[in-house]
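Here's the structure, in structure tokens; my notes come after.
There are 2 protein chains.
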Amino acid sequence: MGRNVYIENKPLEEALELFTRHLTECGWLRLRHEEVDIMECLGRRTFQPVYARRSHPHYMASAMDGIAVKAVSTYAASEVNPVSLNQNQALMVDTGDYVPPEYDAVVMIEDVNMRAGQYLIIRPAVPWQHVRSVGEDMVEQDMIVPSRTLIGPYELASFKTASVERITVIKRPVVAIIPTGTELVEHGYDDMPPGEIVESNSRMLAALCEQWGGVALRHDIVVDDKELIRQAVKEVEPRADLIVICSGSSAGREDYTASIVQELGHLIVHGVATRPGKPAILGIIHRKPVIGVPGYPVSAQLIFSLFAQPILYRRSGGEMPTPETIQCQVARKLPSHAGVDEYVNVNLAKISDQYLAYPLNRGAGVTTMLVKSDGVLHIPRGNEGLEAGNSCRVALNRPRPVIENTLVCLGSHDLAIDVLIDILQKDHGTRMISTNVGSMGGIVSLSRGETHCAGLHLLDYTSGDYNTSYLKKYLRQQKVLLVNLVKRDQGLVVQKGNPLLINGVEDLVRPEVRYINRQKGAGTRLLLDYLLQKHGIDSNQINGYNREEYSHLAVAASIKNNAGDTGLAIYASARVLDLDFVPVATERYDLCILPDLFTDHQLHILLTAINSDEFKQRMRALGGYHLDQTGHIMWEGLQ
Amino acid sequence: MGRNVYIENKPLEEALELFTRHLTECGWLRLRHEEVDIMECLGRRTFQPVYARRSHPHYMASAMDGIAVKAVSTYAASEVNPVSLNQNQALMVDTGDYVPPEYDAVVMIEDVNMRAGQYLIIRPAVPWQHVRSVGEDMVEQDMIVPSRTLIGPYELASFKTASVERITVIKRPVVAIIPTGTELVEHGYDDMPPGEIVESNSRMLAALCEQWGGVALRHDIVVDDKELIRQAVKEVEPRADLIVICSGSSAGREDYTASIVQELGHLIVHGVATRPGKPAILGIIHRKPVIGVPGYPVSAQLIFSLFAQPILYRRSGGEMPTPETIQCQVARKLPSHAGVDEYVNVNLAKISDQYLAYPLNRGAGVTTMLVKSDGVLHIPRGNEGLEAGNSCRVALNRPRPVIENTLVCLGSHDLAIDVLIDILQKDHGTRMISTNVGSMGGIVSLSRGETHCAGLHLLDYTSGDYNTSYLKKYLRQQKVLLVNLVKRDQGLVVQKGNPLLINGVEDLVRPEVRYINRQKGAGTRLLLDYLLQKHGIDSNQINGYNREEYSHLAVAASIKNNAGDTGLAIYASARVLDLDFVPVATERYDLCILPDLFTDHQLHILLTAINSDEFKQRMRALGGYHLDQTGHIMWEGLQ
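Sequence order for the protein chains is A and B.
Heads up, the first sequence is in numbering that gives the first Met the number 0, so the first residue is 0 and it goes up one at a time.
Heads up, the second sequence is in numbering that gives the first Met the number 0, so the first residue is 0 and it goes up one at a time.
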């Protein structure tokens, strides 16, 4: 149970420099080669020049459909006195046919009259007309491509034409990936017990490695047993050019990577001053690099990108692509520790000619952050982060046109937003990104012009109306369009069969009831507060009032997994997770749109999507939604 | 032997419009879908949104290595009075471990002291600290990605994490490719007789089709027999979404595609007003598009790109990439026919801040043109072409940085240039492009600043010196560096064993000797003229004086294939093709460099490559080269 050694905080630059120096010293970066059949060469790079093995054409060939003649035999021809050639003096040829040495020109079929087995020619032929000379395309021993050429469809066709059947290409480095962890399973299954996790990091790294020119060789999952992990390393080593050990790179009681590397080879670095990714390991075993990546997926991805990507590109002879960067304004404060190089995944959009970067949740365990990421913002060491509104450069993960054609929807989340996102993408080729910042967060983003639109369900305690009074108060200066998306049933989500017999908000004060609340600023939290006020309940009486989740589904999922007993959420969240539901209120969920931030086309497709039959049908199918006002304009401000 | 029907000249726009309209009408463009295992989904696009099948984590999980506690049990803790918990009140957990419902916080291991089986805690824990809530990454039924999402490493990892094992993706259209032609063989082999051609078009189209989102299904070669081709079409049709018939698309005696399409379905277009590519066929058989592409590779590539690329992208749900375009100056006159849309492949380079487009040979049979092409210049219908120096837009085939890092070498060709190209690419990552325009052509290009350097071997008849007098005459105004590359043996290349007993230029006047000359402006042609003058021979006496080839190897290859008996060329060309050689002269072959057009780095690496041991060794190995002056500066002008 002995905890491990000390982890360093090696600056990234130094770690990279040390790693590269070791690889250079042991000759690892030198390119290797292999011979392959040309039918396997697409996407590979030539190690040597490729020379034509045969001329093309390798014979005098007709360039036309026509007859091959000896030019001199046609010199007397004219329209008035055609020359007549017999079958021994001319040869009918199609394009590509052999023109034997007794002929030196081809007359196009259009210029020949056939009469009684004779060819009548009305114009003299010039020697070598319509004859493709030997090697017109390529000559035997011509260099078709030099070394380091990426082989595509045209190279392949040329090799084939030149009778080249095998070529020497740069060998792709083999990357052995060993996932370790007693908690890991290969596949999810029903009733997977708490504590088990489906292994996915090795799948991600394998796919990245193939993109970067490597060949992935995934080992089966190895449990946290030092001897078994050591055996796995020894087993893959002879076939691998790079060994990656997933997780176990920290200094916990079951983190064995560092000591295994130390025992089998040389540990270069343990701990790099990056965020995420700190507990990374770099080493060498038998002149081959070993990288120990942390278990959290975002950390694993960063460490693999920083250390494996450049060396895989080098070893496969490719040019590592430099991502396009754009100058952005960061939408919220991004504090950073001066002692680390920090990499922040962001969403990106262009609003009113300004690129905006929306930092994604920085939890290193959030796989979906990588799915959502449009770009990466690097905050170099020595820097304490950015204030909201600061300018920064972001390296793009997606083509710029996708980013420029992105609608932003920051506000309350409802399944209606997902359905809209899907319809916009599918039917209109337009991307919408959405982050759940709650209804009040949506109001703030709208007021700053940082979002095109926002989902809102803000109840006015006094009037009983939704949203309008808030917009009048906070968005007085802006042109605003408030469109209803849905009305939806809110209620208390409870375990199947409602074992605690929860029948309304008054039951929330019972001490055995573990409530799960929504984050501050969420419309649903405001709704709870309104209901508590109406029932004269003090929020301090509720066990779990301060426990926050960020979406309806998150509340429901916590209940399903017995991490709580009830929470206020929409009917659909209970239904999709097969839980029970105690209705409490029906509320309006609107989309507040800032038309000035849209192009005409964008506004048109958004309204089209909202008013589409598909949208209504899909929402209806989810249950607990009412669509009688969907698409109606509820209010217009400053029009 | 009956020749076929008339071929139309349908304007490209109309042909595209007609084709698309037919495909829309028969519902072909609608996306199809299929379910796949997620381990097969990389590079595919989702047909539907993918929803999480399990929350991640699906249990309350520790975010740290430490001990799980009930927060309330730690509230009294302080440095002075630590709280002591026993093994029943706390649970040791590693990152990711399950935190059972009896606990609601995790204390980091660094903040815990172990003493006699007790945990000593010196700071109160806040409820839910270091606990990952259920669904922190994703919640069951969350939409992980919407429809039409391209699946990469991160999506794959997310699906795996979410226990998604199968997903519905857009089905890739199957493209059946049928190569036809009696002259075609699958592989080259020794002593391949004249008239046979290795089939390569279908390989090129198959590789393109895979790039564009399709799945290629290549049929074996079918000979030119209408019934057999018809059978092949009927055989592939049930499995195919698009049928491509290679060659036979014209109106020759063995061109059956049009009539087969007409008989099995509907012929939409026969003949499109493009150059190359005119004899293209578009049709529909059983609601599936059929494209008949011409036999010449460049025509086949153009027709397939124009008609198959857009529809394959649409049917696979992808966005057809719009290539970057740049504004260029065209280096030579490009006449075009006003009646056609013409597509010209060009080389591209940037010289003195100006992008230059060098049109490649426009022969549609030249596969290597596609290998060399850096971009495509479209001359729209109604336009009669471009004059040298005109401005034009070119769509790039290669990344712009590659084009910007390109050296141009227009002039005489020698194998030394190929070796230099290879060394520059391999050791310095710099591309050099070279076109053989002869020594005099090189002088012209240098004088116009259209090339960085040029290979020259121009003999001064009076002084016996090489190159300098020409530079003094034609490049008086320019800063020039003349560097020797090699000295080389020129001579008469003859058949193995020299059957015609050719012993010198005096034998060229013998009527049975078929001479092969070089093009006008070639240094080797000037050398011949010099030798003829010296021997008092009139060029009219030489059979073949007007027959031109464009390189040493082309001359030698023609002789090897008995398309001629002798020609003046370098020793290496005879040697690599295993021919005999009658030495006639040793000449200097220099590289003339315009240093002002180079960056310091470019000039440095070029001179480094010329002076490298590798260059000398490789040249020496070719034979007939003398390297005693290699790298020497022979002359400097205006320095």
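We put the CB at the ideal spot given by N, CA and C, even for glycine.
Query	Result
Measure from the C-beta of residue 556 of chain B to each C-beta in chain A and report whether the shortest distance is under 8 Å.	yes
With DSSP as the reference, please indicate the residues paired to residue 390 of chain A in a beta bridge.	A:328
Could you please give me the residues that DSSP links to residue 29 of chain A through a beta bridge?	None, per the DSSP bridge assignment.
Taking three-plus beta-carbon pairs below 8 Å as touching, is the stretch 420-427 of chain B in contact with the stretch 143-153 of chain A?	yes
Considering only the beta carbon of each residue, do residue 524 of chain B and residue 127 of chain A sit closer than 8 Å?	no
Would you say residue 93 of chain B reaches chain A, if we count a Cβ-Cβ gap shorter than 8 Å as a contact?	yes
Under the rule that 16 or more other beta-carbon atoms within 10 Å means buried, what is residue 601 of chain A, buried or exposed?	buried
Note down, in chain order, every chain B residue with its Cβ under 8 Å from the Cβ of residue 319 of chain A.	Per Cβ cutoff of 8 Å: no residues; residue 319 of chain A is ~12 Å from chain B at best.
Does the CB of residue 634 of chain B have a neighbour CB from chain A at under 8 Å?	no
Using 8 Å for Cβ pairs, my map puts residue 171 of chain A next to residue 134 of chain A. What's the rounded Cβ distance?	At roughly 34 Å, the Cβ-Cβ gap does not stay under 8 Å, so residue 171 of chain A and residue 134 of chain A are not in contact.
List, in order along the chain, the chain B residues whose C-beta lies closer than 8 Å to that of residue 560 of chain A?	54, 57, 58, 59, 133
Rounded to a whole number of angstroms, what is the C-alpha to C-alpha distance between residue 257 of chain A and residue 214 of chain A?	25 Å
Would you be able to state if there are at least three C-beta pairs under 8 Å between the stretch 270-277 of chain B and the stretch 173-181 of chain B?	no
Are at least three pairs of beta-carbons, each pair with one atom in the stretch 389-396 of chain A and one in the stretch 456-466 of chain A, less than 8 Å apart?	no
Can you pull the chain B neighbours of residue 107 of chain A, defined as C-beta to C-beta under 8 Å?	Neighbours of residue 107 of chain A on chain B: none; closest Cβ ~11 Å, over 8 Å.
Once you ignore the five residues that flank residue 201 of chain B on each side, which residues in its own chain have a CB closer than 7 Å to its CB?	176, 178, 217, 245
Would you say residue 155 of chain A faces chain B, with C-beta separation under 8 Å as the test?	yes
Would you mind working out which of B:418, B:339, B:343 sits nearest residue 380 of chain B, comparing C-alpha positions?	B:339
Enumerate in chain order the residues of its own chain whose CB-to-CB distance from residue 371 of chain B is below 8 Å, with the five nearest sequence positions on each side excluded.	344, 346, 359, 432
May I ask you to report which of helix, strand or coil DSSP gives residue 194 of chain B?	coil
Under 7 Å between beta-carbons, which chain A residues line up against residue 356 of chain B? List them in chain order, please.	Residues of chain A passing the Cβ test: none, with the nearest at roughly 19 Å.
Using a Cβ-Cβ cut-off of 8 Å, state whether residue 542 of chain B counts as contacting chain A.	no
Among the residues of its own chain, which have a CB less than 8 Å from the CB of residue 538 of chain B, if the five just before and after it don't count?	528, 531, 544
Let me know if residue 79 of chain B comes out buried or exposed under the rule of 16 or more other beta-carbons within 10 Å of its beta-carbon.	exposed
Report yes if the C-beta distance between residue 364 of chain B and residue 295 of chain B is below 8 Å; otherwise report no.	yes
So, with DSSP's three-state summary, where would you put residue 69 of chain B?	coil
Grab the span of the alpha helix (DSSP H) containing residue 166 of chain B for me, first residue to last.	No alpha helix (DSSP H) contains residue 166 of chain B, which is instead part of the beta strand (DSSP E) from 165-169.
For the stretch 96-169 of chain B, list the beta strand (DSSP E) runs that are entirely contained and at least 3 residues long, ordered along the chain.	104-107, 111-114, 117-120, 142-144, 165-169
Are three or more beta carbon pairs between the stretch 97-115 of chain A and the stretch 59-74 of chain A nearer than 8 Å?	yes
Between residue 348 of chain A and residue 405 of chain A, which are expected to be in contact by the criterion C-beta below 8 Å, what is the C-beta distance as a whole number of angstroms?	4 Å
Which partner residues of residue 49 of chain B appear in the DSSP bridge assignment?	B:144
Quick check: the stretch 553-561 of chain A against the stretch 496-512 of chain A, are at least 3 beta-carbon pairs closer than 8 Å?	no
Nearest chain A C-beta to residue 211 of chain B closer than 8 Å, yes or no?	no
On the criterion of 16 or more Cβ atoms from any shown chain inside 10 Å, does residue 227 of chain B qualify as buried, or is it exposed?	exposed
Can you pull the chain B neighbours of residue 337 of chain A, defined as C-beta to C-beta under 8 Å?	By Cβ distance, chain B contributes nothing, its closest Cβ being about 22 Å from residue 337 of chain A, past 8 Å.
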